[in-house]
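Participant:
In the numbering used here, the protein residues as written are 67 to 257.
#1: Should residue 75 and residue 191 be called a contact, given that it needs their Cβ atoms to be closer than 7 angstroms?
#2: So, is residue 127 buried or exposed, given that buried needs 16 or more other C-beta atoms within 10 angstroms?
#3: Whose CA, out of 95, 152 and 167, lies closest to the CA of residue 110?
#4: Just confirm the distance between the C-beta atoms of residue 242 and residue 86, as a whole number of angstroms; I'd bet it's less than 8 angstroms.
#5: Which residues bound the alpha helix (DSSP H) around residue 246?
#6: Would residue 188 and residue 155 qualify as a contact pair, given that the criterion is a beta-carbon distance under 7 angstroms?
#7: Quick one: residues in its chain with C-beta nearer than 7 angstroms to the C-beta of residue 180, no 5 flanking neighbours on either side, listed in chain order?
#8: Roughly how many whole angstroms lie between the Cα atoms of residue 200 and residue 93?
#9: Hey, could you find the ends of the alpha helix (DSSP H) residue 121 is sitting in?
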């Protein structure tokens, strides 16, 4: 049981080699120059880069308000827009992975089944945290009209920063599993 607990997102430090068996054969530094690196692999990495940027933008917005760089009205507009875009993009991306791509990867290479099961468990945990993030964001937005707006932002900042950190760890682990699998088997195998 402790071995499984150590694999929970937020507790693990990357994927162990037995869960990401292709990683050693396809180091990250050679991904983009590999013959099987094509549009799908490039798109996958682009989506992940976009999610990283969107998460950073939400954190920056919260911290700018805390530092009084943004007034409440400007903060509300930027924060709501950026958070909604980020969370909708993330949710859509995970749905596509869970329903379209992860089943194909599992069929393609049985060695990767445990890894994709783990990534789906990550998605469930991330979704739980997403719901908590939205709930706390609503509380923050409601507090903007009152005298405790900065205190509410101070309370929210650790929530969004922890959520983004969890997501960043997941994205790195997912790339360590997905991109080597694409390089090993080619993009046509996923078509």
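Note that the Cβ used here is the ideal one computed from N, Cα and C, for glycine as well.
This structure is a prediction, so every number in the text was calculated from the model and none was measured.
Facilitator: Well, looking at it:
#1: On the chain shown, residue 75 is found 9 positions in, with the first residue counted as 1. On the chain shown, residue 191 is found 125 positions in, with the first residue counted as 1. Yes, the Cβ-Cβ distance between residue 75 and residue 191 is below 7 angstroms.
#2: On the chain shown, residue 127 is found 61 positions in, with the first residue counted as 1. That one is buried.
#3: In the chain shown, the residue the question calls residue 110 occupies position 44. Considering only alpha carbons, the answer is 167.
#4: Looking up residue 242 in the chain shown gives position 176. Looking up residue 86 in the chain shown gives position 20. Going by Cβ atoms, the distance from residue 242 to residue 86 rounds to 5 angstroms, so yes, they are a contact pair.
#5: Here residue 246 refers to the residue found at position 180 of the chain shown. Residues 215-251.
#6: The residue labelled residue 188 in the question sits at position 122 within the chain shown. The residue labelled residue 155 in the question sits at position 89 within the chain shown. Against a cut-off of 7 angstroms, the Cβ pair of residue 155 and residue 188 comes out as no contact.
#7: Looking up residue 180 in the chain shown gives position 114. 85.
#8: Residue 200 sits at position 134 when you count from the first residue of the chain shown. Residue 93 sits at position 27 when you count from the first residue of the chain shown. Those two C-alpha atoms are separated by around 37 angstroms.
#9: Translated into the one-based positions of the chain shown, residue 121 becomes position 55. From DSSP, the alpha helix (DSSP H) with residue 121 extends over 105-132.
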